[in-house]
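Colleague:
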Amino acid sequence: MNDEQLQARLHASDPAASLPPAAPHEVARLLEDVMATELTTESRETGTRNRGPLTWLVAAAAVLVIAGAGIFGVRALTGDDATPTADDPVVGATQLEVSAPAGNAKCMVPNAETLASVDIAFDGTVTAIDGDRVTLMPSKWYAGGPTDTVEVTAPSDQPTDAGLGFQFSAGERYLVSARDGQVSVCGFSAPYSDDLAAIYAEAFPT
Amino acid sequence: MDESRRERFEAVAPELIEPLRRFLARRTDAATADDVLAETLLVCWRRVAELPEEPLPWAYGVARNCLLNAERSVRRQERLAAKIATVDPPFEAAPAPAEADGDLVVALAALRPDDAELLRLWAWEQLTPAEIATVLDITANAASIRLHRAREKLKDQLRKTAGAAGHEGSREGRRP
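Chain order of the listed sequences is A and B. All residue numbers for the first sequence refer to the UniProt record's numbering, where the first residue is 1 and numbers rise by one. All residue numbers for the second sequence refer to the UniProt record's numbering, where the first residue is 1 and numbers rise by one.
1) Step through the CB atoms of chain B and report whether any lies within less than 7 Å of the CB of A/S193.
2) What's the gap between the Cα of A/G145 and the Cα of A/D123?
3) Which residues share a DSSP beta bridge with A/K140?
4) Taking the Cβ atom as the reference point for each residue, do B/F23 and B/Y60 lie within a distance shorter than 7 Å?
5) Does any residue of chain A bring its CB to less than 7 Å from the CB of B/I17?
6) Quick check: A/C151 and A/R133, are their CB atoms within less than 7 Å of each other?
7) Using only CA atoms, which one of B/D2, B/N69, B/L158, B/L56 lies nearest to B/P46?
8) Is there a Cβ from chain A that is less than 7 Å from the Cβ of B/W58?
9) DSSP state of B/C66, grouped into three classes?
10) Please tell me whether B/L51 has its Cβ less than 7 Å away from any Cβ of chain A.
11) Assign B/E18 to one of three DSSP states: helix, strand, or coil.
12) In the DSSP assignment, the beta strand (DSSP E) including A/R173 goes from what residue to what residue?
13) Going by C-alpha distance, which of B/V74, B/L136, B/A162 is nearest B/V106?
14) Can you tell me whether A/V74 is helix, strand or coil according to DSSP?
15) So is B/W124 buried or exposed if we call it buried at 16+ other beta carbons inside 10 Å?
16) Got a sec, what are the start and stop residues for the alpha helix (DSSP H) A/T114 sits in?
17) Straight-line CA distance for B/A143 to B/P129?
18) How is A/R9 classed by DSSP in three states: helix, strand or coil?
19) Which chain B residues are close to A/T37, counting only those with a beta carbon under 9 Å from its beta carbon?
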């Protein structure tokens, strides 16, 4: 049996073959119902879609606490104090900072091998930018965390995009990695792209 | 902003409904299919900005996830019901096609669920490996390798089933 014959044989047993098409008025009603649904302004990965209101409340509280703690300066996070456990409620914030690379730093093309050595890597959306502090809401953790928010701080004497090669802007989605609390630069952290996401996925197989 | 969302959705969604209905009718009972269709469209509406140029495989992927979610919650309910009382096995709602290809059903059931799903997407939804990759959220390369292997496994199974039943060659076109 060749592939065409196999496909034909499978096709012949298609259980939907006898399904009559939907009546046009039913289709119209269905579409109207869907479009009448209230939309949330955020479009988030399905992973966080089903979080209960309590989680968001706790997250909001965590953001307030962190904002208070922020005046004591940025604390580098080593990743040890946020051991991921599946059942624990996800709270708190991971703090990272950006520092300009040494003058002669050379960039290598982002690759999974190098990326795998970072201790924090996540996919998140910028929810707030306050001066030199950027708050991200992670939708997926590849390594480290998980915490509900991540704050990235860049020294105030240089623009946020120094070293990073891009500027965070509110509402946009990013892939960010960090080692010893320092955000990886040179393309290892960047606005979300499928290519980079594939490298992240390769570096941190689930 | 809201108007352009609406326009885009109205342009795309009617085309998706029929294939999605079929996709779901092949995989679940009528009531669940209706629920999951509505849910899938809702996700498309929410994420209309993310809809790719060729939205159908992406929409199949959404439908697949919604269906898996629905089945998970059904399983939860069933476990709960089983704790409360011993119940009869659930009524099989999906009627078999009039002239069921028994050997094929058996052979498909003998495959790993992932392999069987690949074959269904290929033969029933008539998707290319690249489109299957979008549905299953894997790379196109992986999809075409897995599809190839799944086809070979199904052929093996069909040969085995035919052999075991002792009516090998009784159906025209089974063997090349």
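Glycine included, each C-beta is placed from N, C-alpha and C at the ideal position. Being a predicted model, the structure only gives us computed values, none of them experimental.
Modeller: In short, the structure shows the following:
1) no
2) Rounded to whole angstroms, A/G145 to A/D123 spans 12 Å at the Cα level.
3) In the DSSP secondary-structure assignment, A/K140 is bridged to A/D123.
4) yes
5) yes
6) The residue you asked about is not Cys; residue 151 of chain A is Glu in the sequence shown. Yes, Cβ-Cβ distance for A/E151 and A/R133 is below 7 Å.
7) Reading the sequence as shown, one finds Arg at residue 46 of chain B and not Pro. It is B/D2 whose Cα lies nearest to the Cα of B/R46.
8) no
9) helix
10) no
11) helix
12) 173-179
13) B/A162
14) Annotation note: pLDDT 46 at A/V74 (below 50); position unreliable, no value reported.
15) Burial call: buried.
16) 112-115
17) 6 Å
18) helix
19) L42, W45, R46
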